[in-house]
Amino acid sequence: MATVLDEAITQAVSLISDAHNLVRVVLSGRRRNMQTPFERIDIRPVLIKELLHLQVIENDGRQSTAKNFLPAQLDTHTLLTSGFSNILVEQITGSFSIRISKKGEALVTRTKGNNEQVLTHDRNKNRLLNPADPFLIEVGISDSKGVIKPSKSDKYMQVEEFLRILAPTLTNAIDAGQLHKPTQSNPLVITDLGCGHAYLTFGAHQYLQEQNIPVSVIGIDIRAKSRDRNIGIAKKLGIEKSIEFRAQEISETTISKSDVAIALHACDTATDDAIAWAVQSDAKLLFIAPCCHHDLQSQLSDIPEPWAMLTKHGLMKERISDLLTDALRAQILRLLGYRVDVIEFIGGEHTPRNMMIRAVKTGAKPDAQDRKRYEEMIAMWKVKPALAERLEKELVSSASA
Ligand SMILES: C[S@@+](CC[C@H](N)C(=O)[O-])C[C@H]1O[C@@H](n2cnc3c(N)ncnc32)[C@H](O)[C@@H]1O
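If you count by this note's numbering, then the sequence shown holds residues 5 to 405, one letter each, in order.
Spelled out as structure tokens, the structure:
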């Protein structure tokens, strides 16, 4: 089988070297027992000063970095053998893909087609969401000419950057078997908690469908006005079969199950409601960008020394309580069998609330040190996080497991 894999890689390298016929290359997923240098790599031909280059876009799960190479300078073979399990080479005349199985076998697929090559070296072409997409016009991010409204450009960037993290993590989780492989009859259920005007809800729906990932998306917000407006937009776009909206409190939602939970700036403890609901409804993936934090700040009165040095300044007290809140949220998820990382999903110039808690359910048993650290931390600061209250039963049963 190794020979088949070697042959397939050689063939992919050869197709990529025909840069004049190349549309794009996507490297994603991770081979068993291998580490990839990035979560995903995209390669596409671009014209720079009349010369054909290959642009390599490396995505580390937080951000994308683009580098340009002359075709002869790029060591494609090394990239293709660096641990990715999915290799897609799209040419003008068709596609060639390799899927490397857990046993290291190459499953090769060839399809004929008519793909368009776009050679402009324009960063806008790297946008995930076309500003002229009808959904962006309908939700009010773009004007009627398809141009992003200046007042909405930060929200547009937040949604874009959120999706830039969501999409590869989702694909990797599907490849790793942490999420089922979605089909039209069994799509991935994604719930957006505290969806407001549903910029992200519609963005996730449109972008993932475009990537051929069947999804059923639900937006929840306490405000009936938002629900009605969002339902109206979904109908106008003709997508109401795969996107729905409910006016509900997150903690009392009638939705009982979701594969993926997302929340962008759900106010204060609504973020805790979102995480708690996601855990209790057995969501496998959580993407939570918290908003303001008031819960712990009001609990911080008996400050452990020598930390009073920091908390005596209001501004620093606020920041330390924000950090403490999110550190405890991440630790609680760890204790409940999630692999967690905390990342900046977007530059601070677009929102000061730019942190994201990303959690993937692995079911791994937390180590004793993790539990001890959590217990010592809440004892030391004499706090009871809102999330711990909501997940009390789950925390007790994970401690006794
Ligand atoms: C800051 S807005 C963010 C909206 C949207 N996610 C975005 O990023 O544009 C927070 C939203 O959460 C909703 N919300 C706050 N608490 C909630 C709760 N307990 N249950 C449901 N929705 C809630 C609010 O109505 C508001 O629309």
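C-beta atoms are modelled at their ideal positions from N, C-alpha and C, and glycine is treated no differently.
*Residue span of the alpha helix (DSSP H) that contains residue 400, given as start and end*: 396-404
*Do three or more CB pairs link the segment 267-285 to the segment 241-256 at distances below 8 Å?*
yes
*Roughly how many whole angstroms lie between the Cα atoms of residue 1 and residue 74?*
Because the chain here runs from 5 to 405, residue 1 falls outside it and cannot be looked at.
_Out of 181, 338 and 200, which one is the CA nearest neighbour of residue 369?_
338
_N-terminal and C-terminal residue of the alpha helix (DSSP H) that residue 361 is part of_ = Counting along the chain, residue 361 falls outside any alpha helix (DSSP H), though it belongs to the beta strand (DSSP E) covering 359-365.
*Just the C-alpha distance for residue 230 and residue 200, rounded to the nearest angstrom, thanks.*
6 Å
_C-alpha distance - residue 237 paired with residue 143, whole-angstrom precision_ = 7 Å
*Quick one: Cα of residue 76 to Cα of residue 167, how far?*
33 Å
*How should residue 297 be labelled, buried or exposed, when 16 other C-beta atoms within 10 angstroms of its C-beta is the threshold for buried?*
buried
*asked:* Tell me which residue opens and which closes the alpha helix (DSSP H) that residue 257 is part of.
replied: That residue, residue 257, is in no alpha helix (DSSP H); it is neither H nor E in DSSP.
_Only counting the same chain, and skipping five residues up and downstream in sequence, which positions put a Cβ closer than 6 Å to that of residue 178?_
185
*Could you tell me the distance, in whole angstroms, from the CA atom of residue 171 to the CA atom of residue 325?*
31 Å
_Quick check on the DSSP output: the alpha helix (DSSP H) that includes residue 175 runs from which residue to which?_
157-179
*Per-residue burial, residue 400 [other beta carbons within 10 Å of its own, 16 or more giving buried]*: exposed
*Under the three-state reduction of DSSP, which class applies to residue 76: helix, strand or coil?*
helix
*Rounded to a whole number of angstroms, what is the C-alpha to C-alpha distance between residue 371 and residue 196?*
31 Å
*Give the secondary structure of residue 43 by DSSP, where H, G and I count as helix, E and B as strand, and everything else as coil.*
coil
_Residue span of the alpha helix (DSSP H) that contains residue 2, given as start and end_ = Nothing can be reported for residue 2: it is not among the residues displayed for the chain, which extend from 5 to 405.
*Which first and last residues belong to the beta strand (DSSP E) in which residue 412 is found?*
Here the chain comprises residues numbered 5 to 405, so residue 412 is not present and cannot be evaluated.
*asked:* Taking only three categories from DSSP, how would you classify residue 62?
replied: strand
_Those runs of the alpha helix (DSSP H) which lie wholly inside the segment 282-324 and span at least 4 residues_ = 299-303 and 312-315
*Distance, Cα to Cα, residue 22 vs residue 120?*
15 Å
*asked:* According to DSSP, simplified to helix, strand and coil, what is residue 88?
replied: coil
*Express the C-alpha separation of residue 92 and residue 389 in angstroms, rounding to a whole number.*
45 Å
*Does DSSP put residue 239 in a helix, a strand or coil?*
helix
*Taking 7 Å as the cut-off, does the CB of residue 253 come closer than this to any heavy atom belonging to ligand 1?*
yes
*Is the segment 355-368 touching the segment 282-298, taking contact as three or more C-beta pairs under 8 Å?*
yes
_Whether residue 140 touches residue 164 by CB criterion (8 Å)_ = no
*Compute the distance between the beta-carbons of residue 194 and residue 264, then report whether it is under 8 Å.*
yes
_Test item: CB-CB of residue 64 and residue 42 under 8 Å_ = yes
*Inter-residue CB distance, residue 300 and residue 387 (contact presumed, cutoff 8 Å)*: 5 Å
*Could you please give the first and the last residue of the uninterrupted alpha helix (DSSP H) stretch that includes residue 376?*
372-385
*Sequence-distant residues of the same chain with beta carbon closer than 8 Å to residue 288, five excluded per side*: 177, 182, 183, 263, 264, 364 and 365
*Is there contact between the segment 27-40 and the segment 79-92, where contact requires at least three CB pairs shorter than 8 Å?*
yes
*Helix, strand or coil: how does DSSP classify residue 268 here?*
strand
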